[in-house]
Structure formats: structure tokens, C-alpha cells
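The structure under discussion appears below in the form of C-alpha cells.
Numbering (the working numbering), first residue to last: 577 to 937.
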């Protein structure tokens, strides 16, 4: 109405007729571009095998690496497009997509190129932010040589991909089955030397002091955080690092330790939510279900859930031009066939999206 009152022209005027209007949703943590699935590993976990044990047996991330390496860029786009379509069907207008299933230069490049391509072939329109996650797992070519692999990430892959304009941010998996804090530090130092912001998979399965490390480097976000302690939360608060909580992975792995939501609240750390769409631990493409899970499992409030997929999600990507409904910001909107935010979070298995507006169209 502000534009109408100001006498500005508009190609189309939408009467929302009392419907709820929110910013377009921002899914700030996904591994959406990949080939294959890991349904067999899901069955193993149901029989009692842990995620860590599956990874140690050569499954987990590496099985997806093999499938993704075998696929062409065009095949990756075709296989990933239905996942992207599922997100936009529930109001997502911006998505972050990580690499990390190539683990050598040519395949990391292919994955990032496929992610960028989704932004142009997606039928409903979506903005894609790409994150280089070379430090995701140790590839077979570097078995037993983690330090050498990190050197390859820092000295070869990252500079090459950054020079090609394929990297918006850099991430790492700092975990007892991933990379150490010191190895992560090397990746972050390399990213910062190239002027790139960083993000971190931190404290999902154990406390490696990743939250504090992320804060030390002024990370945009630290993600998962089930095992984060108060020292890490305090450090994140001081650095302005967003906590990205991923209830889909918590649910799918049948975890029992929830992120320290009360501590995050007490210290004023912004809490974002995301699908963590990936084939191994969160094969999920429903941001609406993510909000319900966050409320149910993490006891987040309705407002926190909606902010988590809008304002805080945008902040976790370093984007200040979206995530809220304000004059001068991007016209990315979702119009819902409900009257209150609580209805968005409450319903399970129902998609009340009425209209999605992306870039004002």
C-alpha cells in the first residue's frame, strides 16, 4: 500500500484478503546438490548402527561423494531440481547450497556450478548462495593424510574456485569424525586471506570448541550446536555469529541432546533454522516441517521459528536486503492461507502457501 499511496506504478496488485504475509523464507543451510540417496544406511541405523560407525566403515558422506563424482553437471542439476522445487513450493526465495561431495577440484567445481545453475533453471525463481565445503570429509585419495588434504583445500581448491567466482562463503566440518579445530583454523585463515566469510558445522556430535573457533573468525554462523557449551555461546554472542539449528538432522539421527536454546536466548544469539537438506542425515525439503520440529523438539517459540527462517536465516548468509518486510528491502514475500504465524508452525503435512513473490514478481 505504501507504493500505491506514493503513486508508484505496479504491474500487478495482489489483494491478500486477510491472509498472513511473511518475508520469503531463507533456507540458510543445505547440501541440496548431490547424486543418489542413502536409504540403505537409514535402514542400518534403524537396526542400531550409529552414524559415526557407518562413516568409519566407508559409508556416510563418502558414499554420496562416489555417486556425485560419477554424475555429470547436467545430471546433478536434473536430480537436484525437484528438491529445489519443493523448497520454493513452501515459500523459500533464497537458498544456500554447499559443495563437499566432490572433494577434489574438478568435482567441487562441478557441484558449485550445478548449484548456481539451479538459480537459473528453477521454474519459480530462487536466489542461490554457494558455500565451499571442501573440508567436509577425507577423500579416499588422501586416506590417512588429513593434513595434506587440508593443504590441498587451502592451497589449490579454494583459491581456484574463488577466482572463478563460485564461492560466496567457506564452511568446514569440525567434528570427531571430521576435521580438527587446528585443521579448521587453517581453512578459515585461507578463506579470510581471500576476503571470504566463513561458516562452521560445529558441536553436532561432540564438543570440539567449534563454536568458539567460529566466533574467533567472526563467522556468519555456527551450525548444529547440540554439544555447544556456555563458553562457546558467549563467544558467539560477542562476535555476532548466528546459531543455525537443524532439527531435521536431530530428528533423523534420533539424537537426544538438544541445542542449548535457553543459553542462546539468554546471551542474545540469533537463532536461524534450516532444512539441512542432505541424503544422509536430513533428507528433508520442508521448511514448514522444520518450524514444527523446532517448536516441538527444541521448544522454540512461534516467533523464533518464523524469524529463524526469515530474518535470522538471511543474517546467517550475510544478507541484509531480505528477511524482513521493510521499505527498501527485496520484495520477496510469501502469502499464506492462514491468519496467524502459529498456524504455519502448527500444521503438519499441509502446505498453506497461497502466493510466492520473488524479486517483486
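Cβ atoms here follow ideal geometry from the backbone N, Cα and C, with glycine treated the same way.
The segment 754-767 contacting the segment 805-822, beta-carbon criterion three pairs below 8 Å: These segments do not touch.
task: Would you mind working out which of 703, 843, 908 and 684 sits nearest residue 819, comparing C-alpha positions?
output: 843
Close beta carbons around residue 580, own chain, < 6 Å, minus the five adjacent residues each side: Here the model assigns residue 580 a pLDDT of 48, short of 50, so the residue's position is not dependable, and the following value carries that caveat. There are no such residues.
message: Buried or exposed for residue 916, going by 16 or more other Cβ atoms inside 10 Å?
response: For residue 916, the number of other beta carbons within 10 angstroms of its own is below 16, and it is reported as exposed.
message: Can you tell me whether residue 710 is helix, strand or coil according to DSSP?
response: strand
- prompt: For residue 744, which three-state DSSP category applies?
  reply: coil
message: Let me make sure I understand the geometry here. Which of 830, 899, 859 and 883 has the alpha-carbon closest to that of residue 873?
response: The option with the nearest alpha carbon to residue 873 is 830.
- prompt: Taking DSSP as the reference, what is the three-state secondary structure of residue 875?
  reply: coil
query: residue 658: buried (16+ other C-beta within 10 angstroms of its C-beta) or exposed?
result: exposed
query: What number of angstroms, rounded off, separates the C-alpha of residue 920 from the C-alpha of residue 616?
result: The alpha-carbon atoms of residue 920 and residue 616 are separated by roughly 33 Å.
task: Report yes if the CB atom of residue 773 is closer than 7 Å to the CB atom of residue 745, and no otherwise.
output: The answer is yes: Cβ separation under 7 Å.
query: According to DSSP, which residues form a beta bridge with residue 775?
result: 797
- request: Could you name the residues that DSSP lists as bridge partners for residue 932?
  value: Residue 932 is bridged to 910.
query: Which term fits residue 588, buried or exposed, when burial requires 16 or more other beta carbons within 10 angstroms of its beta carbon?
result: Looking at its Cβ environment, which holds fewer than 16 other Cβ atoms inside 10 Å, residue 588 is exposed.
C-beta atoms of residue 906 and residue 898 nearer than 7 Å: yes
message: Considering just the uninterrupted stretch of the alpha helix (DSSP H) at residue 670, what are its terminal residues?
response: No alpha helix (DSSP H) holds residue 670; the beta strand (DSSP E) holding it covers 668-674.
message: To the nearest angstrom, how far is the alpha carbon of residue 864 from that of residue 823?
response: Taking the straight line from one Cα to the other gives about 12 Å.
task: Decide if residue 850 is buried, meaning its Cβ has at least 16 other Cβ atoms within 10 Å, or exposed.
output: buried
task: Would you kindly work out how many angstroms separate the C-alpha atoms of residue 771 and residue 735, rounded to a whole number?
output: 11 Å
message: Within a Cβ cutoff of 8 Å, which residues of the same chain sit near residue 668, ignoring the five residues on either side of it in sequence?
response: 600, 601, 602, 603, 702 and 863
Beta-carbon proximity check, residue 809 vs residue 839, cutoff 7 Å: yes
- prompt: Alpha carbon to alpha carbon, how far is residue 648 from residue 686?
  reply: 8 Å
message: Here's a check: name, in chain order, each residue in its chain whose Cβ is nearer than 8 Å to the Cβ of residue 660, leaving out the five neighbours to either side.
response: 608, 671, 694, 698 and 702
- prompt: How should residue 723 be labelled, buried or exposed, when 16 other C-beta atoms within 10 angstroms of its C-beta is the threshold for buried?
  reply: Exposed, by the Cβ-count rule.
field: Range covered by the beta strand (DSSP E) that runs through residue 805
entry: Residue 805 -> no beta strand (DSSP E), and no H or E assigned at all.
- prompt: Got a sec? Which residues, its chain only, sit under 6 Å from residue 825 by beta carbon, not counting five neighbours each side?
  reply: The answer, listed in chain order, is 852, 857 and 858.
message: So, for residue 854: in the same chain, excluding its five sequence neighbours on each side, which residues have a beta-carbon less than 6 Å away from its beta-carbon?
response: 607
message: With three or more C-beta pairs closer than 8 Å as the rule, is the segment 923-931 touching the segment 878-885?
response: no
- prompt: Could you check where the beta strand (DSSP E) with residue 599 kicks off and where it finishes?
  reply: For residue 599, the enclosing beta strand (DSSP E) has its first and last residue at 596-599.
- prompt: If we ignore side chains and look at the alpha-carbon of each, how far apart do residue 728 and residue 754 end up?
  reply: 16 Å
field: DSSP three-state assignment for residue 858, whether helix, strand or coil
entry: strand
For residue 596 and residue 577, the rounded distance between their alpha carbons: Reliability of the predicted coordinates at residue 577 is poor, the pLDDT of 48 falling under 50, and the value obtained from them is presented with this limitation in mind. Each residue's alpha carbon lies about 15 Å from the other.
message: Using the Cβ count rule (16 or more neighbours within 10 Å means buried), how would you classify residue 752?
response: exposed
- request: Report yes if the C-beta distance between residue 709 and residue 725 is below 7 Å; otherwise report no.
  value: no
task: Check whether the Cβ atoms of residue 799 and residue 605 sit closer than 7 Å, and answer yes or no.
output: In this structure, the beta-carbon distance from residue 799 to residue 605 falls below 7 Å.
- prompt: Straight-line CA distance for residue 628 to residue 885?
  reply: 29 Å
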